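Everything on this sheet refers to the single structure shown next.
Residue numbers (our numbering): 1 to 180.
In structure tokens, the structure reads:
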């Protein structure tokens, strides 16, 4: 876990995002650097590093857009150092956690626009949103990838943290709530 988890962000959605990134770190630590880029027969063509890079890209998209430019989740690079280096992924988790801690209530309610590719033919849509709503989206998107990373860990016999890869509502329902 990141030691700064004790520094609770000013907004509950920011706090959830920092906790999600701490969950990601815990899952990645199960694999360590030696298994981070190993392919898996469970999800052919995918590695833990690819899932980590993809979910971290969604958090990163929240902060890389120029002021007044849309958040674009589809503008991402593949094969980056975050995808191929365990340590780069941990560094990116730390960097994003710092940025997310700074999202207070006023910033969370700030209007943003989001551009999304909605069809494989390249059709895009632009929607109005708030930064807080998009942080919440990135948290829920991360759960999906945490679940795949957890499945890969189970498939190769690794022990995963309790509740790893479960949606917040499922964790709550099963009593896996953590008070961080």
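Beta carbons: idealized from backbone N, C-alpha and C, even for Gly.
For clarity, every value in this text was computed on a predicted model and none was experimentally measured.
Alpha carbon of residue i to alpha carbon of residue j, nearest angstrom
| i | j | result |
| --- | --- | --- |
| residue 153 | residue 118 | 31 Å |
| residue 52 | residue 97 | 15 Å |
| residue 10 | residue 62 | 17 Å |
| residue 40 | residue 50 | 12 Å |
Contacts around residue i, its chain only, beta-carbon distance under 6 Å, and the 5 residues preceding and following it disregarded
| i | result |
| --- | --- |
| residue 161 | 26 |
| residue 20 | 139, 142 |
| residue 136 | 13 |
| residue 116 | 125 |
| residue 65 | 71 |
Outcome for residue i when other beta-carbon atoms lying within 10 angstroms are tallied against a minimum of 16
| i | result |
| --- | --- |
| residue 44 | exposed |
| residue 134 | buried |
Nearest residue (CA-CA) to residue i, options the options
| i | options | result |
| --- | --- | --- |
| residue 155 | 168, 48, 10 | 48 |
| residue 67 | 103, 82, 112, 174 | 112 |
| residue 79 | 108, 41, 70, 37 | 37 |
Minimum Cβ-Cβ distance from residue i to chain B less than 8 Å
| i | result |
| --- | --- |
| residue 10 | No chain B is part of this structure, which consists of one protein chain only. |
Does the contact criterion of 3 or more C-beta pairs under 8 Å hold for the region 141-150 versus the region 53-63?
Enough Cβ pairs lie closer than 8 Å, so yes.
With three or more C-beta pairs closer than 8 Å as the rule, is the region 31-40 touching the region 81-88?
Below 8 Å, enough C-beta pairs join the region 81-88 and the region 31-40 to call them touching: three or more.
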